[in-house]
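Heads up, the thing below is written out as structure tokens.
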Amino acid sequence: MRLAGQTFKEVGKEFPKGTVLFKEGDIGKEMYLINSGEVKLTRKTPYGDVVLATLSFGEFFGEMSVITNKPRTITAETVSDCRLNIISKEILETLVSTNPLVALSILKKLVFRLEGAYSLIEDHFIKQIKQDKM
2 MRLAGQTFKE VGKEFPKGTV LFKEGDIGKE MYLINSGEVK LTRKTPYGDV VLATLSFGEF
62 FGEMSVITNK PRTITAETVS DCRLNIISKE ILETLVSTNP LVALSILKKL VFRLEGAYSL
122 IEDHFIKQIK QDKM
């Protein structure tokens with residue numbers, strides 16, 4: 002597949018169930034778009050691994066580290082056999098700069114995830130306040 006004179010790093014690459022695509026702390030050089038299958042995103046906590054999300058067809062992940070140039074904050078593992086498009090940092094930058102709909106789609110997803118994180122933080126503080134009052 003070609004876009005704006007560039008080629009995706011990998012199109013429709015197949016990964017068997019149980020493949021760890023990247024680990025928390027890895028440097029992110031690419032993001033992923035799911036063509037088929039499911040991927041779970043987990044994060045290590047003092048109490049064990051927590052599943053943050055299970056993603057499927059049409060969803061993307063791994064963009065945060067690519068955008069921020071910071072290490073990955075999650076681990077991504079295939080839950081089933083998957084077919085994924087792998088999008089390099091360079092291709093992502095081209096997509097965002099030449100296609101406002103792609104930029105808007107990524108922005109909306111980031112805002113959605115941020116709202117979810119705020120909700121979890123709020124729930125945590127409310128529980129903490131309730132415990133402190135007991």
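Position one of the sequence shown corresponds to residue 2 (the working numbering), numbered consecutively onward.
The beta carbon of each residue, even a glycine, is placed where N, CA and C say it ideally should be.
These numbers were taken from a predicted model, which means no experiment stands behind them.
Quick one: using the 10 Å Cβ neighbour count with 16 as the cut-off for buried, is alanine 118 buried or exposed?
exposed
Any contact between the segment 76-89 and the segment 18-29? By contact I mean 3 or more CB pairs, one from each, below 8 Å.
yes
Does DSSP classify glycine 59 as helix, strand or coil?
coil
Just to confirm before moving on: does the CB-CB distance between glutamate 64 and methionine 32 stay below 9 Å?
yes
By Cβ distance, which residues of its chain are closer than 6 Å to serine 81, with the 5 residues on each side in sequence left out?
Lys18, Gly38 and Glu39
Quick one: measure Cβ to Cβ for leucine 85 and phenylalanine 16, integer angstroms, because I've assumed they're closer than 8 Å.
6 Å
Restricting to Cα atoms, I'd like to know which of Leu34, Gly29, Val51 and Gly13 is closest to valine 103.
Leu34
Who are the near neighbours of valine 51 in its chain, counting only those whose CB is closer than 7 Å to its CB and skipping five residues on each side?
Thr43 and Arg44
So is glycine 49 buried or exposed if we call it buried at 16+ other beta carbons inside 10 Å?
exposed
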